[in-house]
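Read through the structure below, which is laid out as structure tokens, and then see the notes.
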Amino acid sequence: MKTWWILLWIIFLCCCQVSAQTSIGIKAGYTSSSATYRVTLGSFPRSVTGITAPSYSLVIEQFFEKNAGAQIEFQWLTTGYAATDTINIGNETHFDYLKMPILSNFYLGNSGRFHIKLGPHLGYLLEARDLRREVEGELVIPTYGQPADRPRKIMYGLTAGVGLSKLFGKHTLQGEVRYSYEFGRPESQERIFDLNFTQLEFSLAYLFRVIQ
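Quick note, the sequence shown lines up with residues -20 to -1, 1 to 192 if you use mature numbering (1 follows the signal peptide of the UniProt record, and there is no 0).
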């Protein structure tokens, strides 16, 4: 995992050397999570209701020639699930992450741009919280917010997004829809065979050009 971090930083720093423009800003939005799980190998995949939570990011964007660029984000993100029934009885768990997407950006247009973003992300679990635990059994997702649960700290996956950017001199406003798929899973004790998360994010970002 350390090798992944080193390689990603080297790629981004090399990109910065050939960049013609650097912008820094903040991003805020809402993320809707969904989760699927299998309790044992070969069992039928089950889906549970996700959660919707705000997310906030510090964004560093590099704009290159020929309408291409790259960016790195430091994002506070909450994901999780709410496995409840029709009368709202069940289990709910939230995972708070520091997430770092490293994305390649492609733009179409000048002052008003359509953009596509794609790349890997890494993250670190800050806290797991069991908000409700009302149902027990072999077919439900185990707890993750208890001291003995020891969830995995590292998240990793792929992120893709599309959106619109509007330039006002040194200022940029971006609206974006983004989708992320997690390859990692929080289970570390083999209590459940598989648990995967996806996120759908809607956000608005403000960037200010600091280097021309």
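Here a beta-carbon is modelled for each residue, glycine too, at the ideal position from N, C-alpha and C.
Since the model is a prediction, treat every value here as computed from it, not as a measurement.
Alpha-carbon spacing of residue i relative to residue j, whole angstroms
i, j, result
"Ser23", "Ser160", "25 Å"
"Ala140", "Lys97", "5 Å"
"Pro131", "Phe44", "40 Å"
"Ser84", "Gly117", "44 Å"
"Ala62", "Tyr186", "32 Å"
"Gly60", "Ser168", "16 Å"
"Phe177", "Gly164", "9 Å"
"Leu184", "Val142", "12 Å"
"Cys(-5)", "Lys146", "In this prediction, Cys(-5) has a pLDDT of 48, which is less than 50 and means its spatial position is unreliable; what the coordinates show is noted afterwards. Rounded to the nearest angstrom, the two C-alpha atoms are 22 Å apart."
"Phe182", "Ala8", "9 Å"
"Lys150", "Lys133", "38 Å"
"Asn90", "Leu105", "38 Å"
"Ala15", "Thr58", "13 Å"
"residue 200", "Ile121", "Given that the chain is displayed from residue -20 to residue 192, the structure contains no residue 200 and the question cannot be resolved."
"Leu21", "Asp174", "8 Å"
"Glu170", "Met135", "17 Å"
"residue 215", "Pro34", "Nothing about residue 215 can be reported from this structure: the residues present for the chain run from -20 to 192 only."
"Ile52", "Phe188", "15 Å"
"Thr152", "Gln126", "43 Å"
Residue i burial status per 10 Å Cβ neighbour count (16 or more: buried)
i, result
"Ile(-11)", "With a pLDDT of 48 at Ile(-11), under the threshold of 50, the modelled position of this residue cannot be trusted, and the question is left open."
"Leu111", "exposed"
"Ala50", "buried"
"Glu41", "buried"
"Ala48", "exposed"
"Ala128", "exposed"
"Gln154", "buried"
"residue 260", "Nothing in the structure corresponds to residue 260, since the chain is present only between -20 and 192."
"Glu162", "buried"
"Pro81", "buried"
Cβ neighbours of residue i in the same chain (closer than 8 Å, five flanking residues each side left out)
i, result
"Ile67", "Unreliable positioning characterises Ile67 in this predicted model, as indicated by a pLDDT of 47, which lies under 50. The coordinate reading is nonetheless provided below. No residues qualify anywhere along the chain."
"Ile6", "Tyr36, Ser37, Leu38, Val39, Ala185 and Tyr186"
"Leu119", "Val19 and Arg26"
Other residues of its chain near residue i: CB distance less than 6 Å, five sequence neighbours each side excluded
i, result
"Glu107", "Asp76"
"Leu180", "Ser12 and Tyr159"
"Tyr124", "Thr73, Ala108, Pro131 and Pro166"
"Glu156", "Gly141, Gly143 and Ser183"
"Arg26", "Tyr17"
"Trp(-17)", "Its pLDDT being 49, under 50, Trp(-17) is placed unreliably by the model, and nothing is read from it."
"Tyr87", "Asn47, Arg93 and His95"
"Val115", "Gly70 and Asn71"
Own chain, CB closer than 7 Å to residue i, minus 5 neighbours either side, in chain order
i, result
"Val190", "Thr2, Ser3 and Ile4"
"Gln192", "Gln1"
"Arg113", "Asn71 and Thr123"
8 Å contact criterion, which residue i and residue j should meet: CB distance rounded
i, j, result
"Thr29", "Tyr10", "The Cβ separation is near 16 Å, so there is no contact."
"Leu78", "Gly103", "6 Å"
Residue-level contact to chain C via CB, residue i, 8 Å cutoff
i, result
"Gly9", "In summary, chain C is missing from the structure at hand, where a single protein chain is found."
Beta bridge counterpart(s) of residue i as assigned by DSSP
i, result
"Thr16", "Ser27 and Asn176"
"Pro34", "Tyr10"
"Asn47", "For Asn47, which the question treats as bridged, DSSP gives no partner whatsoever."
"Ser3", "Glu41 and Arg189"
"Tyr156", "The sequence shown places Glu at residue 156, rather than the Tyr named in the question. Per DSSP, Gly143 and Ser183."
"Thr123", "Answer by DSSP bridge pairing: none, since Thr123 is not bridged."
"Gly99", "Thr139"
"Asp129", "DSSP output for Asp129 lists no bridge partner at all."
"Phe148", "His151"
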